[in-house]
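Per the numbering used here, residue 127 is the first one in the sequence shown, and the count goes up by one each step.
Backbone N, C-alpha and C define an ideal beta-carbon position, used for all residues, glycine too.
Quick notes on the structure that follows.
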Amino acid sequence: MSNKVSGKVYIEPQNTLSVYDECDILIVGGGAAGHTAAIAAARAGANNIILMERYGYMGGDVTGGYVIMVPKLSWYDKSFVRGIQEEWFTRLAPIPNAVLGPGLSVIGKDDDPALLDAWARIHGCISESEPKRLVRAVYYEPNELKIEMDKMLLEHKDSIRALCHCWGTKPIMEGAEVKGVIFESKEGRKAILAKTVVDATGDGDIFRRSGAPFSTLADGKTRSSTTALVWRIGGIDWALYHEWQKANPGASGALRDSLSKVAGFRCAPIASAQNDMCWINNWHNDRDCATIKDATETEMNTRDTIRDVVAYLKEACPVAFRDAFLYDIAPQLGTRGSCRLRGEYVMTANDFAFAVKHEDVIAWHSTICMINDCGPVEIPYRSILPQNVENLLAPGRHFSADNVAIDWLNLIPQCVGTGQAAGVAAAVAIADNVSVRDVDIGKVQNILIDQDVPLPRNSRVDKTYAEVCEAHDYGLYTELAGIARKEADGLKEYRQW
Ligand SMILES: Cc1cc2nc3c(=O)[nH]c(=O)nc-3n(C[C@H](O)[C@H](O)[C@H](O)COP(=O)(O)OP(=O)(O)OC[C@H]3O[C@@H](n4cnc5c(N)ncnc54)[C@H](O)[C@@H]3O)c2cc1C
């Protein structure tokens, strides 16, 4: 059978593709993970990098998806999530209304009731556990971040070639080795050859066609198996909304429940970097963002309910929403999860409950997991390293974690953190002329520390990081018997993100 339509199958004719470009490091996907990987690789000395993105801007969920809140960057008085993640906010800070959140100088503070009260109106800025203390959580303006991400790339324009509107479709394989990627664009189907490929598509678009093992959508009850289309409301007063919540205990829960009935799926208003604007986060259950049907329905069904949701808010809480109006709709689908890498290491709740130590640690992140009181967890290099396939790394929301752990790990900081490590590892592999599997992890860790990433058990890292862990029974927060219950509570509670 040649290139004929036959029943439900069409056999494509054999095709000769032109090579559009060649590089040392090809990063597919310019979201939080991929953009960070490109910047980190350039700063680690790589100078022949291509960053390929299917849309016209970088950031993925964090810019085009209007996910505008980065939680749990600190634990007690230590900011664990630093590096390029913190750099976003340092760069945006001088721009009016571009960032909002407790500053680094006040995190961990528990002795200033007025300050605690002031931040209580912004979700995630106060710890869940006692004593209540300030947590570094940052809200930002996505369009300002979009501009800043371009600026970061332009600063490295001698090392990074950014290609927009190019959709990576499959890896070029020679046996088990990835040799590049085929992509589609308005110029047709072409190839890019690369020594190392970083799959940062979020949905494993490259690794799932490479022969590397992967898992499909997480359990339908989890946060990462929900889709969204975020939109924003202007003309509101968030501070008055907070006052209304305080004066009417239980009212905001009831409002969320009613709102979800109005919409037909769970949705909730969340603060933004500006008092007169909020975003409507939403959760369409049991949806795979990498299927045509689920993606299309999420887009259409969400937009269909927007006017009703605005009308309901005006009526239910006029003090804050009287003048509310639809401000804008995110230009792209909110993609939480589809398939995940089953890498050389699969992260699980054990990593949190028992503070598992990894010699190949590449990020030491506080996150939203209640099992360890949101304390730092070690993410190993092996969790972005595929099994069976060479020259490939997979940072970002599809990295290797089981159904439960992925809900605590595919947040923005962990996508940035694994992206930064992937970029550095790829750069070291190129410099040493080895595959990413055989990279000298000690070198990678040292460069990450140079790039402001604190890592455990390293004499170059401020020892007060380790001291804060020791002082607060890090990893021993939950007794073994309580883990299952807390895990279930955690899932329920944190489906809101
Ligand atoms: C509605 C919603 C609310 C959330 N809330 C929070 C929150 O409050 N705090 C938090 O920390 N996290 C939150 N998250 C999770 C977080 O935003 C994401 O997990 C994270 O931003 C993912 O980053 P990433 O780079 O791995 O993937 P993505 O952001 O998905 O980036 C992937 C990039 O690759 C591009 N791409 C994809 N496929 C291809 C291809 N084949 N070829 C070329 N380019 C491709 C995409 O266009 C995109 O730019 C939320 C997510 C959603 C959807």
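Exercise. Would Ala475 pass as a contact of Ala416 if the rule is Cβ separation under 8 Å?
Worked result: no
Exercise. Which residues in the same chain have their Cβ closer than 8 Å to the Cβ of Arg287, if we skip the five residues on either side of it in sequence?
Worked result: Asp147, Cys149, Ile175, Ile176 and Leu177
Exercise. Among the residues of its own chain, which have a CB less than 6 Å from the CB of Arg180, if the five just before and after it don't count?
Worked result: Trp293
Exercise. According to DSSP, is Ile556 helix, strand or coil?
Worked result: helix
Exercise. Given a threshold of 16 other Cβ atoms within 10 Å of its Cβ, counted over all protein chains shown, does Pro580 qualify as buried or as exposed?
Worked result: buried
Problem set entry | Three-state secondary structure (DSSP) of Lys258 | coil
Exercise. Mind checking whether the beta-carbon of Thr461 lies closer than 7 Å to any heavy atom of ligand 3?
Worked result: This structure does not include ligand 3; its bound ligands are ligand 1.
Exercise. Taking just the CA atoms, how far does Val196 sit from Leu271?
Worked result: 13 Å
Problem set entry | DSSP three-state assignment for Lys277, whether helix, strand or coil | helix
Exercise. Is the segment 162–176 close to the segment 330–338, with three or more CB pairs under 8 Å?
Worked result: no
For this session: Mind the definition here: the segment 347–366 touches the segment 426–434 only if three or more C-beta pairs lie below 8 Å; say whether that holds.
Result: yes
Exercise. By the 10 Å Cβ neighbour count, where 16 or more other Cβ atoms means buried, how is Val435 classified, buried or exposed?
Worked result: buried
For this session: Would you list, in sequence order, the uninterrupted alpha helix (DSSP H) runs of no fewer than 4 residues that lie entirely inside the segment 472–547?
Result: 475–479 and 532–535
Exercise. Any chance the CB of Val135 is under 7 Å from a heavy atom of ligand 1?
Worked result: no
Exercise. Roughly how far, in whole angstroms, is the beta-carbon of Ala446 from the beta-carbon of Leu366, given that I think they are within contact range, below 8 Å?
Worked result: 4 Å
For this session: Answer yes or no: the CB of Ala166 versus the heavy atoms of ligand 1, is any distance below 7 Å?
Result: no
For this session: Assess, as a yes-or-no matter, whether the segment 517–525 is touched by the segment 451–459 under the definition of 3 or more beta carbon pairs within less than 8 Å.
Result: no
Problem set entry | DSSP bridge partner residues for Gly306 (one or two, in chain order) | Ile298 and Leu319
Exercise. What alpha helix (DSSP H) runs, 4 residues minimum, are completely inside the segment 442–476?
Worked result: 444–447
For this session: Tell me whether Cys251 counts as near ligand 1, meaning its Cβ is closer than 7 Å to at least one heavy atom of that ligand.
Result: no
Problem set entry | Straight-line gap, Lys321 to Cys465 (C-alpha atoms, nearest Å) | 25 Å
Exercise. Would you call the CB atoms of Ala224 and Glu267 closer than 8 Å?
Worked result: yes
For this session: Could you tell me which of Asn408, Cys404 and Glu274 sits nearest to Tyr265, measuring between CA atoms?
Result: Cys404
Exercise. Under 8 Å between the Cβ atoms of Ile151 and Ala552?
Worked result: yes
For this session: In the DSSP assignment, find the unbroken beta strand (DSSP E) run with Asp147 in it and report its ends.
Result: Val145 to Val154
Exercise. Measuring CA to CA, which of Ser132, Lys305 and Gly360 is closest to Ser561?
Worked result: Lys305
Exercise. Based on the DSSP output, what are the partners of Ile567 in its beta bridges?
Worked result: Paired residues: none, contrary to the question.
For this session: Check each candidate in Asn584, Gly360 and Pro375 and name the one with the smallest Cα separation from Asn401.
Result: Gly360
Exercise. With 16 as the cutoff for other CB atoms within 10 Å, does Gly133 come out buried or exposed?
Worked result: exposed
Problem set entry | Local Cβ density within 10 Å of Ala610, reported as buried at 16 or more and exposed below that | Residue placement at Ala610 cannot be trusted, given a pLDDT of 43 that sits under 50; the coordinates are not used to answer.
Exercise. Between Arg315 and the rest of its own chain, which residues show a CB-CB distance below 8 Å, the 5 nearest in sequence each way excluded?
Worked result: Asn141, Leu143, Thr295, Ile308 and Phe309
Exercise. What is the DSSP secondary structure of Pro139, counted as helix, strand or coil?
Worked result: coil
Problem set entry | Under the three-state DSSP convention, the category Phe340 falls into | strand
For this session: Would you mind working out which of Ile432, Phe340 and His484 sits nearest Asn408, comparing C-alpha positions?
Result: Ile432
For this session: Quickly, what does DSSP pair Val83 with across the bridge? List them, please.
Result: Missing from the structure shown is residue 83; the chain here goes from 127 to 623 and no further.
For this session: Please list the segments of the alpha helix (DSSP H) lying wholly inside the segment 196–250, counting only runs of 4 or more residues, in order along the chain.
Result: 209–218 and 239–246
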